[in-house]
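**Student:** One structure coming up, written as structure tokens, with questions to follow.
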Amino acid sequence: MKTFMPSYNSAEELAEIQLKGLQWTVNHAYRGSEVYRAKLDAAGAKPQEIKSLDDLKKLPFTTSKDLAVGYPFPLLSVPMKDVVRLHASSGTTGKRKVLCYTQKDIDDWTHMFARCYEMAELTSEDRVQICVGYGVWTAGAGFQLGCEKFGALAVPAGPGNLDMQMEFLMDFQSTVMCCTASMGLLLAEEVERRGYKEKINLKKMIFGSERSSDAMRDRIRTLLNLSDMYDIPGMTELYGPGTGLECSAHNGIHYWADYYIVEILDPDTLEPVPDGEVGEMVVTTLCKEAVPLIRYRTRDLTALKPGACSCGSLLPRHDRILGRSDDMFIVRAVNIYPGQIDSVLSNLKGIGSEYQVIINRSSGKDMMTLRVECEQGTDPAIHNQKAAMVKDAVKKKLLVTPEVEIIPYGSLPRSERKTKRIIDNRNE
Ligand code: ZN
């Protein structure tokens, strides 16, 4: 089969590709967009001054505010006649981010997505049920074009509609499901409830738009007997989903460094953090035409993974996305990211994957309550014991002591989309 992996053979060769791409991007943005030109002029960073990758530091940051200024077509760097598609992230007018694509941008995105399926070790025999939204807000088109380009069979099922998804799984014998992790869990539980496990042929799941916790994956794996599951990162600003994928070593997400540069910076000082430490992901595209990104602050928090991956790929890795800095909540002066709670709970035995965090304030004091499902078939008599275990683990790892309530398996709401886990009642 054709490969979609990059052709470079060393870190030096990658650096060459990145420098060329960076020079092209700064030059292109400077000439094509008045907004970029003004920003680059103000920072004293002319395109001809980009002589090494180190010069990236001289470039000004781009933020979501820059995407609001030129609404509806912010940072557009090509003539409108060259734009062939737009996608948007949802939000009220003005807050909504609209991103334009040229045909080359679509082709590049398709290539990146085909690479995802290759990284997940699919073959042309695979049948990929794409259970994500199609349309202006979402990126079903990316999942589908990439699948077809890769050479697998695309089943463009769209989101939701559990009954239909089950029918397709049986009738078409889909081997791969692309969905949110919440939908993956819902589907797995439904397969078990209906006793369909032997009638379907599902082997892998690719989770988009929502972080999957290890506990959720364990549950889904057990229910469906899957061989593998992968998180697919992505944001509308940077093409959409498909800009990287975990490999089967599951030690971080390989990102497509021949298409964009990742910096991990301290969100306060905007200086690089050491490899392995958590910071804000800042991205710079290398060949994006319609809306190039120069040091775009994604608000996503993650860390670079130092060293080489055991899979042998030369594509660098970042950690799973810990959360967005916007998702962070503060309880008694401690900063907490949802991903930290996932990771604490995933390491505990005998509890389920589903939980809710409820934060209240009473007499000026923050109270954090964790409602956690226990494992299927747990004796209610040991709920108190489990609660003590969760309380202790959270206190040790997050330095906040929560109230913990253990509830029966299946009692928290399931979602076909993203599950809302954090309920902050303090501002109401
Ligand atoms: Zn790897």
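In the working numbering, the protein residues as written are -9 to 418.
Where a beta carbon is used, it is the ideal one built from N, C-alpha and C, also for glycine.
1. Is the stretch 61 to 76 touching the stretch 97 to 113 in the sense that three or more CB pairs, one from each, lie closer than 8 Å?
2. Can you give the beta carbon distance from leucine 505 to glycine 266, rounded, assuming they're within the 8 Å contact cut?
3. Out of Thr165, Cys90 and Arg211, which has the shortest C-alpha to C-alpha gap to leucine 57?
4. What span of residues does the alpha helix (DSSP H) with threonine 15 cover, start to end?
5. Going by the C-beta, is alanine 239 closer than 7 Å to any heavy atom of ligand 3?
6. State the Cα-Cα distance for the pair phenylalanine 51 and cysteine 106, rounded to the nearest angstrom.
7. How far does the beta strand (DSSP E) with aspartate 356 in it reach, from first residue to last?
8. Going along the chain, which unbroken runs of the beta strand (DSSP E) with 3 or more residues stay wholly within the stretch 164 to 247?
9. Between the C-alpha atoms of arginine 21 and glutamine 13, what's the straight-line distance to the nearest angstrom?
10. Exposed or buried, what is alanine 171 when buried is set at 16 or more other beta-carbons lying within 10 Å of its beta-carbon?
11. Specify whether the stretch 374 to 391 and the stretch 173 to 181 touch according to this definition: at least 3 beta carbon pairs, one from each stretch, less than 8 Å apart.
12. Over what stretch of residues does the beta strand (DSSP E) that includes serine 79 continue unbroken?
13. Taking only three categories from DSSP, how would you classify leucine 255?
14. Is glutamate 365 near isoleucine 341, with beta carbons less than 8 Å apart?
15. Is it buried or exposed, aspartate 256, if we count other Cβ atoms within 10 angstroms and call 16 or more buried?
16. Verify the contact flag: cysteine 106, CB atom, against every heavy atom of ligand 1, threshold strictly below 7 Å.
17. Cβ-heavy atom distance between histidine 244 and ligand 1 below 7 Å?
18. Going by the beta-carbon positions, is the gap between threonine 487 and valine 272 smaller than 8 Å?
19. Count the other CB atoms, across all protein chains shown, that sit within 10 Å of the CB of arginine 207; report buried if there are 16 or more and exposed otherwise.
20. At the level of alpha carbons, what is the spacing between proline 282 and histidine 18?
21. Within 10 angstroms of the Cβ of cysteine 93, are there 16 or more other Cβ atoms? Answer buried if so, exposed if not.
22. Drop a sphere of 10 angstroms on the beta-carbon of leucine 276, count the other beta-carbons inside from all chains shown, and report buried for 16 or more, exposed for fewer.
23. Would you tell me roughly how many angstroms separate the C-alpha atoms of aspartate 420 and isoleucine 210, rounded to the nearest one?
24. Could you give the distance in angstroms between the alpha-carbon of lysine 386 and the alpha-carbon of proline 392?
25. Say yes only if the C-beta of serine 203 is nearer than 7 Å to one or more non-hydrogen atoms of ligand 1, and no if none qualify.
26. Which one of Leu388, Met(-9), Lys339 and Gln330 has the shortest CA to CA distance from threonine 113?
27. To which residues does DSSP link tyrosine 91 through a beta bridge?
28. What does aspartate 414 pair with, by DSSP beta-bridge criteria?
29. Please classify valine 126: does DSSP put it in a helix, a strand, or coil?
30. Quick one: any contact between the stretch 317 to 327 and the stretch 219 to 234, if contact means 3 or more CB pairs under 8 Å?
31. Starting from the Cα of glutamate 111, find the closest Cα among Glu270, Ile196 and Glu180 and give me that residue.
32. Would you check whether ligand 1 has a heavy atom nearer than 7 Å to the C-beta of serine 353?
33. For the beta strand (DSSP E) that alanine 144 lies in, which residues bound it at each end?
34. Hey, could you find the ends of the beta strand (DSSP E) phenylalanine 162 is sitting in?
35. Return yes when the Cβ of leucine 214 is within less than 8 Å of the Cβ of glutamate 180, no when it is not.
36. Is the Cβ-Cβ distance between arginine 416 and arginine 361 less than 8 Å?
**Tutor:** Per the coordinate set shown:
1. no
2. Limits of the chain in this structure are -9 at one end and 418 at the other, which puts residue 505 out of reach.
3. Of Thr165, Cys90 and Arg211, the smallest CA-CA separation from leucine 57 is found for Cys90.
4. 1 to 22
5. Annotation note on ligand 3: not contained in the displayed structure, which lists ligand 1 as its ligands.
6. 28 Å
7. 355 to 364
8. 166 to 169, 194 to 198, 218 to 222, 234 to 236 and 243 to 245
9. Roughly 12 Å between the two C-alpha positions.
10. With 16 or more Cβ atoms within 10 Å of its Cβ, alanine 171 is classed as buried.
11. Judged by Cβ distances under 8 Å, the stretch 374 to 391 makes no contact with the stretch 173 to 181, as fewer than three pairs qualify.
12. 73 to 79
13. In the three-state reduction of the DSSP assignment, leucine 255 falls in the strand class, which pools E and B.
14. yes
15. exposed
16. no
17. Residue side-chain check: histidine 244 places its Cβ nearer than 7 Å to a non-hydrogen atom of ligand 1.
18. Limits of the chain in this structure are -9 at one end and 418 at the other, which puts residue 487 out of reach.
19. buried
20. 8 Å
21. Looking at the sequence itself, residue 93 is glutamine, so the reference to cysteine does not match. It is exposed - the Cβ of glutamine 93 has fewer than 16 other Cβ atoms within 10 Å.
22. buried
23. Nothing about residue 420 can be reported from this structure: the residues present for the chain run from -9 to 418 only.
24. Using only the alpha carbons, I get a separation of about 11 Å.
25. no
26. Checking every option, the nearest Cα to that of threonine 113 belongs to Met(-9).
27. Arg75
28. Ile349
29. coil
30. At 8 Å Cβ cutoff, the stretches do not touch.
31. Ile196
32. no
33. 143 to 145
34. From DSSP, phenylalanine 162 is part of no beta strand (DSSP E); its letter is neither H nor E.
35. no
36. no
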